[in-house]
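Structure first, commentary second.
In the numbering used here, the protein residues as written are -5 to 166.
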(Lines of atoms letter the chains of each structure in order from A and count residues from 1; the text may use other names and numbers.)
(Lines give C-alpha, C1' and ligand atoms only; values in the text may rest on other atoms or scores of the structure.)
Protein backbone atom coordinates (compact mmCIF):
# COMPACT_ATOMS: atom_id res chain seq x y z
CA UNK A 1 0.00 0.00 0.00
CA UNK A 2 1.23 3.37 -0.98
CA UNK A 3 1.60 6.05 1.75
CA UNK A 4 0.63 9.60 1.22
CA UNK A 5 3.16 12.40 1.53
CA UNK A 6 1.55 13.47 4.76
CA UNK A 7 1.87 9.97 6.28
CA UNK A 8 5.52 9.75 5.19
CA UNK A 9 6.27 13.15 6.73
CA UNK A 10 4.53 12.20 9.99
CA UNK A 11 6.42 8.87 10.16
CA UNK A 12 9.74 10.67 9.60
CA UNK A 13 8.89 13.23 12.31
CA UNK A 14 7.82 10.44 14.68
CA UNK A 15 11.16 8.58 14.19
CA UNK A 16 13.11 11.77 14.74
CA UNK A 17 11.37 12.53 18.08
CA UNK A 18 11.59 8.96 19.41
CA UNK A 19 15.40 8.78 19.23
CA UNK A 20 17.45 9.33 22.43
CA UNK A 21 18.60 12.94 22.91
CA UNK A 22 22.36 13.48 22.81
CA UNK A 23 24.20 15.63 25.31
CA UNK A 24 26.74 18.05 23.90
CA UNK A 25 29.65 17.87 26.38
CA UNK A 26 31.99 20.28 24.61
CA UNK A 27 30.42 23.45 25.96
CA UNK A 28 30.02 21.91 29.43
CA UNK A 29 33.72 20.99 29.52
CA UNK A 30 34.63 24.52 28.42
CA UNK A 31 32.65 26.00 31.28
CA UNK A 32 34.27 23.71 33.87
CA UNK A 33 37.76 24.40 32.50
CA UNK A 34 37.24 28.14 32.81
CA UNK A 35 35.82 27.67 36.31
CA UNK A 36 38.84 25.61 37.42
CA UNK A 37 41.30 28.21 36.11
CA UNK A 38 39.34 31.03 37.75
CA UNK A 39 39.38 29.26 41.12
CA UNK A 40 43.09 28.44 40.87
CA UNK A 41 44.03 32.02 40.08
CA UNK A 42 41.86 33.58 42.78
CA UNK A 43 42.48 31.08 45.57
CA UNK A 44 46.01 32.36 46.27
CA UNK A 45 44.83 35.87 47.19
CA UNK A 46 43.25 34.84 50.49
CA UNK A 47 45.40 34.40 53.56
CA UNK A 48 43.70 33.30 56.76
CA UNK A 49 45.38 33.14 60.13
CA UNK A 50 44.42 30.55 62.70
CA UNK A 51 41.20 31.62 64.30
CA UNK A 52 40.05 31.27 67.84
CA UNK A 53 36.50 32.08 68.90
CA UNK A 54 37.77 33.43 72.23
CA UNK A 55 39.76 36.15 70.45
CA UNK A 56 38.09 39.15 68.83
CA UNK A 57 40.74 41.02 66.86
CA UNK A 58 40.88 44.82 66.76
CA UNK A 59 39.82 46.42 63.49
CA UNK A 60 42.14 48.25 61.11
CA UNK A 61 42.32 49.61 57.57
CA UNK A 62 45.85 48.22 57.03
CA UNK A 63 46.59 46.88 53.55
CA UNK A 64 49.69 44.80 54.27
CA UNK A 65 49.00 41.06 54.34
CA UNK A 66 50.58 38.88 57.05
CA UNK A 67 53.39 36.46 56.27
CA UNK A 68 53.28 32.82 57.28
CA UNK A 69 55.03 32.87 60.67
CA UNK A 70 54.74 31.86 64.32
CA UNK A 71 51.46 33.05 65.88
CA UNK A 72 51.12 33.93 69.56
CA UNK A 73 47.39 34.00 70.40
CA UNK A 74 46.29 35.98 73.44
CA UNK A 75 42.75 35.37 74.64
CA UNK A 76 41.14 36.85 77.73
CA UNK A 77 42.37 33.87 79.80
CA UNK A 78 45.47 32.31 78.16
CA UNK A 79 48.52 32.89 75.97
CA UNK A 80 48.59 30.14 73.33
CA UNK A 81 51.35 29.06 70.92
CA UNK A 82 50.74 26.28 68.36
CA UNK A 83 47.43 25.36 69.97
CA UNK A 84 49.02 24.81 73.38
CA UNK A 85 48.39 27.07 76.36
CA UNK A 86 51.74 28.41 77.60
CA UNK A 87 50.71 30.65 80.49
CA UNK A 88 47.54 32.26 81.84
CA UNK A 89 46.97 35.98 81.41
CA UNK A 90 46.72 36.44 85.19
CA UNK A 91 50.16 34.84 85.70
CA UNK A 92 51.63 36.96 82.90
CA UNK A 93 50.28 40.18 84.41
CA UNK A 94 51.20 39.26 88.01
CA UNK A 95 54.95 39.03 87.41
CA UNK A 96 57.22 41.90 88.45
CA UNK A 97 59.56 41.53 85.49
CA UNK A 98 58.65 42.74 81.99
CA UNK A 99 59.43 39.27 80.61
CA UNK A 100 57.05 36.32 80.82
CA UNK A 101 59.26 33.34 81.73
CA UNK A 102 57.08 30.44 80.43
CA UNK A 103 56.50 32.28 77.14
CA UNK A 104 60.23 32.98 76.74
CA UNK A 105 61.03 29.32 77.44
CA UNK A 106 58.59 28.17 74.74
CA UNK A 107 59.85 30.74 72.22
CA UNK A 108 63.48 29.74 72.85
CA UNK A 109 62.54 26.07 72.38
CA UNK A 110 60.84 26.84 69.06
CA UNK A 111 63.82 28.98 68.00
CA UNK A 112 66.23 26.13 68.78
CA UNK A 113 64.30 23.85 66.42
CA UNK A 114 64.74 26.28 63.50
CA UNK A 115 68.17 27.95 63.37
CA UNK A 116 68.83 31.11 61.37
CA UNK A 117 69.43 30.56 57.65
CA UNK A 118 71.98 33.37 57.25
CA UNK A 119 73.48 36.38 59.03
CA UNK A 120 70.95 38.82 57.60
CA UNK A 121 68.12 36.80 59.13
CA UNK A 122 70.00 36.63 62.44
CA UNK A 123 70.46 40.41 62.43
CA UNK A 124 66.80 41.02 61.57
CA UNK A 125 65.41 38.48 64.03
CA UNK A 126 62.68 35.88 63.70
CA UNK A 127 59.12 36.68 62.63
CA UNK A 128 56.18 36.46 65.01
CA UNK A 129 52.56 37.58 64.83
CA UNK A 130 50.71 38.50 68.01
CA UNK A 131 47.01 37.77 67.67
CA UNK A 132 45.44 39.41 70.70
CA UNK A 133 41.90 39.99 71.81
CA UNK A 134 40.88 43.64 71.55
CA UNK A 135 40.05 43.76 75.28
CA UNK A 136 43.47 42.76 76.65
CA UNK A 137 45.42 45.52 78.42
CA UNK A 138 48.35 47.29 76.78
CA UNK A 139 50.70 46.26 79.59
CA UNK A 140 50.21 42.60 78.62
CA UNK A 141 50.90 43.33 74.94
CA UNK A 142 54.04 45.24 75.98
CA UNK A 143 55.25 42.31 78.12
CA UNK A 144 54.59 39.83 75.31
CA UNK A 145 56.47 42.02 72.82
CA UNK A 146 59.41 42.41 75.24
CA UNK A 147 59.52 38.65 75.79
CA UNK A 148 59.44 37.99 72.04
CA UNK A 149 62.26 40.48 71.45
CA UNK A 150 64.40 38.88 74.18
CA UNK A 151 63.91 35.46 72.53
CA UNK A 152 65.17 36.83 69.13
CA UNK A 153 61.66 37.23 67.71
CA UNK A 154 62.20 40.90 66.85
CA UNK A 155 60.12 41.18 63.67
CA UNK A 156 56.77 41.54 65.43
CA UNK A 157 53.41 41.96 63.69
CA UNK A 158 50.02 42.53 65.29
CA UNK A 159 47.04 40.74 63.73
CA UNK A 160 43.92 42.84 63.07
CA UNK A 161 40.65 42.44 61.21
CA UNK A 162 40.58 44.52 58.04
CA UNK A 163 37.68 46.91 57.57
CA UNK A 164 36.88 49.21 54.67
CA UNK A 165 38.60 52.57 54.66
CA UNK A 166 35.74 55.06 54.61
CA UNK A 167 38.05 58.03 53.93
CA UNK A 168 39.24 56.50 50.65
CA UNK A 169 35.70 55.76 49.51
CA UNK A 170 34.69 59.40 49.94
CA UNK A 171 32.23 58.65 52.75
CA UNK A 172 32.51 61.14 55.59
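Note that the Cβ used here is the ideal one computed from N, Cα and C, for glycine as well. Remember, it's a predicted structure, so these values are computed and weren't measured experimentally.
Under the Cβ criterion (8 Å, minimum of three pairs), the region 149 to 158 does not count as touching the region 92 to 102. In the DSSP secondary-structure assignment, residue 82 is bridged to 72. Judged by beta-carbon spacing, residue 64 lies beyond the 7 Å limit of residue 134, meaning their Cβ atoms are not closer than that value. Residue 125 sits in a strand when the DSSP states are folded into three classes. Nearest to residue 143 by C-alpha distance, out of 30, 73, 117, is 117. If the five residues before and after residue 5 are omitted, its C-beta is found closer than 7 Å to no C-beta atom of its own chain.
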